[in-house]
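Residue numbers (this note's numbering): 611 to 810.
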């Protein structure tokens, strides 16, 4: 089996397990569901769930950003357009939910897990840890690919990642009435404003 096919199969299995877990969490509450019950419902072994997600919180916070290669990560980042960089992070999610109602955006599709970020304390702690790891990866990429000094790279990376999360929280608090990309645009423009003209 090729590496690409193996990776696609792995991501498909992870999505199935995650959706199964969310079904159970939505039905019975996060605290009432065990990893063993998720595994049984997804027809996989508990060890598979632990291998892919590590913890029950990992079933909520894990996403495809975690598996991006360094090359893909480099393609994602554009220091001339930080807001655009953040928007690209959410673009694949956004396209699947823009045409749905606010209720559907909150309860179905890629964003259905978002409410758990803000309603479950253990999940919020886990998402902060995940965001910190993402910031470290992005900062390292900025230092390597863009030759930014470490302090600038770390500040910029944390601003992107945690600024995105703050925009996501406001989107959630507002009832998911508008696309998250609008919140990202509005929120991160406070830090960077519009990108500079080409050639400057």
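The beta carbon of each residue, even a glycine, is placed where N, CA and C say it ideally should be.
Quantities reported herein were computed from a predicted structural model and do not represent experimental measurements.
Unbroken alpha helix (DSSP H) run spanning residue 735, endpoints:
731-755
Here's the rule I'm using: 16 or more other beta-carbon atoms within 10 Å means buried, otherwise exposed. How should residue 798 be labelled?
buried
Verify whether the separation of the beta carbon atoms of residue 733 and residue 659 is less than 8 Å.
no
Short check: CB of residue 781 to CB of residue 790, under 8 Å?
yes
Residue range of the alpha helix (DSSP H) that residue 775 falls in?
760-783
Is the Cβ of residue 756 closer than 8 Å to any Cβ of chain B?
Included in the structure is just one protein chain, with no chain B present.
Using three-state DSSP, classify residue 789 as helix, strand or coil.
coil
For residue 634, which residues of its own chain have a beta-carbon under 7 Å away from its beta-carbon, when the five flanking residues on both sides are left out?
643, 647, 648, 651
Leaving out the 5 sequence neighbours to the left and right, which residues in its chain are closer than 8 Å to residue 726 when beta-carbon positions are compared?
635, 640, 670, 733
Indicate whether residue 748 and residue 767 have their beta-carbon atoms separated by less than 8 Å.
yes
Restricting to Cα atoms, I'd like to know which of 723, 758, 801 is closest to residue 772.
801
Between residue 763 and residue 744, what straight-line distance do the alpha-carbon atoms span, to the nearest angstrom?
13 Å
Return the chain-ordered list of same chain residues with a C-beta closer than 6 Å to the C-beta of residue 631, the five sequence neighbours on each side being excluded.
648, 669
From the DSSP output, in three-state form, read off residue 630 for me.
helix
In chain order, what residues of the same chain have a beta carbon less than 7 Å from the beta carbon of residue 713, not counting five sequence neighbours either side?
Unreliable placement is indicated for residue 713, whose pLDDT of 44 sits below 50; the coordinate value is still reported in the next sentence. Excluding sequence neighbours, residue 713 sits near nothing in its chain.
Report all residues from its chain with a CB closer than 6 Å to the CB of residue 777; omit the five preceding and five following residues, and keep chain order.
793, 794, 797
Taking only the alpha-carbon atoms, compute the straight-line gap between residue 779 and residue 628 and give it to the nearest angstrom.
21 Å
Can you give me the start and stop residues for the alpha helix (DSSP H) that residue 658 sits inside?
656-663
Which listed residue (728, 637, 615) has its alpha carbon closest to that of residue 784
728
Closer than 7 Å by C-beta to residue 753: which residues in its own chain qualify, once you throw out the five before and the five after it? Chain order, please.
760, 763
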